[in-house]
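Peer 1: In my numbering, the protein residues as written are 243 to 322. Cβ coordinates follow ideal geometry from the N, Cα and C atoms, glycine included. Predicted model, so just to flag it, every value in this text is computed and none were measured. Once you've had a glance at the structure underneath, I'll fire off some questions.
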């Protein structure tokens, strides 16, 4: 299973995580027979979407930060 499944970090996937936990709580034979595979695939897809959203947000903030740094260096070069 995925490491560090925190609902605070993946709030959009909380219901899917709970559904998978409920499925796993039914017992080992239930899991071994593949009855939880659909829930697990839904969780994988949901986490993939959450990660993509976070990457887009991070990428945007980094681009803004780089633009500010370039502007500061431009001001420093002009004043030198």
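Please confirm if the region 261-268 is in contact with the region 276-283, defined as three or more CB-CB distances below 8 Å between the two stretches.
Peer 2: Because the criterion of three Cβ pairs below 8 Å is met, the region 261-268 and the region 276-283 touch.
Peer 1: Is residue 407 helix, strand or coil by DSSP?
Peer 2: Beyond the ends of the chain as shown, which are 243 and 322, falls residue 407; an answer cannot be given.
Peer 1: Quick check on the DSSP output: the alpha helix (DSSP H) that includes residue 303 runs from which residue to which?
Peer 2: Here the alpha helix (DSSP H) through residue 303 covers 279-321.
Peer 1: Below 6 Å CB to CB, which residues in the same chain sit around residue 309 once its five sequence neighbours on both sides are set aside?
Peer 2: Taken in chain order, the list of residues that qualify is empty.
Peer 1: Helix, strand or coil: which one does DSSP assign to residue 268?
Peer 2: Residue state, collapsed to three classes: coil.
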